[in-house]
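Colleague:
In this note's numbering, the protein residues as written are -2 to 383.
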């Protein structure tokens, strides 16, 4: 019931450009009507919703869900032929969506928004935003610091590094959220209906063990000397990975609950991560794809026929192939082990932001012209020229 793995940092930059153009046209009316905080007002009803800019898609049972700019979300019960707009409590741009079952899913977006649905995306409720996060996350770390100080003050209790870690994390919270709810959660992934992770800019990690009723910060759990942009999070073959900038992929250590950096030998940004039971692919700038067959212990570069930034990718379990899409409109079809890719010439309507397999060789893509349906020959040899 999951979503595609998305190149969210690249998508965020593309969103900023589009939103800037939209804002220029709307500035006069906004000034006349007064400021409306998009965190406090539901998304407007839109006509021709399927042609609105969409940034991510997911499959929830037989239903398809897409999310995009200005809080617009929609769903389809006829394999993408027609779409109905969802009820969304915010007007913030939504950049990721993930379903853990046919009924329950989460979406994330700008201003630290995390939304939740229990009716397969028909209606959404807000679980978190940047204003709430500033208060909750600061109190979380301050409580830890106070408890640690109290314990260290007791006779025979040795000092530890936990207080310093918590103090550094508290500083990060203040830096990231102190000027207002400006930063997005770029991706979300749930292991099950209870345990989930949301990642974002400058090392932002939020965790939940109760389905999002409460979210706690995990800045100190990402082991990095600098606060990297955490662009995507995904569970692959029983492990949890975060794709980040500077060529870093983090992997969850189940024993400690911390995310440890893996060495890929790449220095650019990874925008997304996807995989199968035996292969992990991280992708990003200038057609960059790195591949691991040992759960991230080692990585090798994969040659692909594009130099465009790869914005989204998925593994089609039924067809045993990878599909990657780019901001230029390329669709790259990979074999089952992710070692060979070829261009699909029929997918040419560019600036893709997401791709999701929907069965029987069909794929749903999102982009700034809305959603589109595509077909691949089910008998086509993955990675071979068409």
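Each residue gets a CB set at the ideal place from its N, CA and C atoms; glycine is no exception.
1) Do three or more CB pairs link the stretch 75 to 83 to the stretch 166 to 180 at distances below 8 Å?
2) For residue 357, does the count of other Cβ atoms within 10 angstroms reach 16, so buried, or fall short, so exposed?
3) For residue 133, which of helix, strand or coil comes out of DSSP?
4) Tell me the DSSP bridge mates of residue 328?
5) State buried or exposed for residue 2, treating a residue as buried only when at least 16 other CB atoms are found within 10 Å of its CB.
6) Starting from the Cα of residue 57, find the closest Cα among 46, 72, 45 and 51 and give me that residue.
7) Less than 8 Å between the C-beta atoms of residue 307 and residue 284, yes or no?
8) Just to check my reading of the structure: residue 347 and residue 326 have Cβ atoms closer than 8 Å, yes? What is that Cβ distance to the nearest angstrom?
9) For the stretch 302 to 316 against the stretch 277 to 294, are there 3 or more C-beta pairs whose distance is under 8 Å?
10) CA-CA distance, residue 263 and residue 145?
11) Would you tell me roughly how many angstroms separate the C-alpha atoms of residue 143 and residue 59, rounded to the nearest one?
12) Which residues in the same chain have their Cβ closer than 6 Å to the Cβ of residue 199, if we skip the five residues on either side of it in sequence?
13) Output the boundary residues of the beta strand (DSSP E) element that contains residue 195.
14) Using the three-state DSSP reduction, which class does residue 371 fall into: helix, strand or coil?
15) Do residue 35 and residue 88 have their C-beta atoms closer together than 8 Å?
16) What residue range does the beta strand (DSSP E) around residue 247 cover?
17) Tell me which residue opens and which closes the beta strand (DSSP E) that residue 237 is part of.
18) Based on Cα-Cα distance, which residue from 329, 230 and 294 lies nearest to residue 267?
19) In the DSSP output, which residue or residues are listed as bridge partners for residue 356?
20) For residue 339 and residue 103, what's the separation of their Cα atoms in angstroms?
21) Take residue 162 as the anchor and find which of 176, 123 and 137 has the nearest alpha-carbon.
22) Can you tell me whether DSSP reads residue 66 as helix, strand or coil?
23) So, is residue 324 buried or exposed, given that buried needs 16 or more other C-beta atoms within 10 angstroms?
24) So, at 8 Å on beta carbons, what are the nonlocal neighbours of residue 366 in its own chain, with the 5 sequence-adjacent residues on each side left out?
25) Quick one: grab the DSSP three-state call for residue 138.
26) What does a CB cutoff of less than 8 Å around residue 122 pick up in its chain, not counting 5 residues either side in sequence?
27) Between residue 372 and the rest of its own chain, which residues show a CB-CB distance below 7 Å, the 5 nearest in sequence each way excluded?
28) Residues in its own chain within less than 7 Å of residue 83 by CB, not counting five upstream and five downstream?
29) Quick one: which unbroken beta strand (DSSP E) runs of 3-plus residues sit fully inside the stretch 274 to 299? Chain order, please.
30) Which residue from 45, 99 and 184 puts its Cα closest to that of residue 116?
Modeller: With the structure as the only source:
1) no
2) So residue 357 counts as exposed.
3) It is helical.
4) 322
5) Residue confidence is low: residue 2 scores 48 on pLDDT, short of 50, so the model does not pin down where it sits. No coordinate-derived value is stated.
6) 72
7) yes
8) 2 Å
9) yes
10) In a straight line, the C-alpha of residue 263 is about 38 Å away from that of residue 145.
11) When rounded, the distance between both Cα atoms is 49 Å.
12) 173 and 224
13) Its beta strand (DSSP E) spans residues 193 to 197.
14) Three-state result, residue 371: strand.
15) Against a cut-off of 8 Å, the Cβ pair of residue 88 and residue 35 comes out as a contact.
16) 246 to 250
17) Per DSSP, residue 237 belongs to the beta strand (DSSP E) from 236 to 241.
18) Of 329, 230 and 294, the residue nearest in Cα terms is 230.
19) 359
20) 33 Å
21) Closest by alpha carbon: 137.
22) helix
23) buried
24) So the qualifying residues of the chain are 48, 50, 346 and 348.
25) helix
26) So the list reads 86, 112, 113 and 114, once near-sequence residues are dropped.
27) 358 and 359
28) 70, 71, 72, 118, 119, 120 and 121
29) 277 to 281, 286 to 289 and 297 to 299
30) The option with the nearest alpha carbon to residue 116 is 99.
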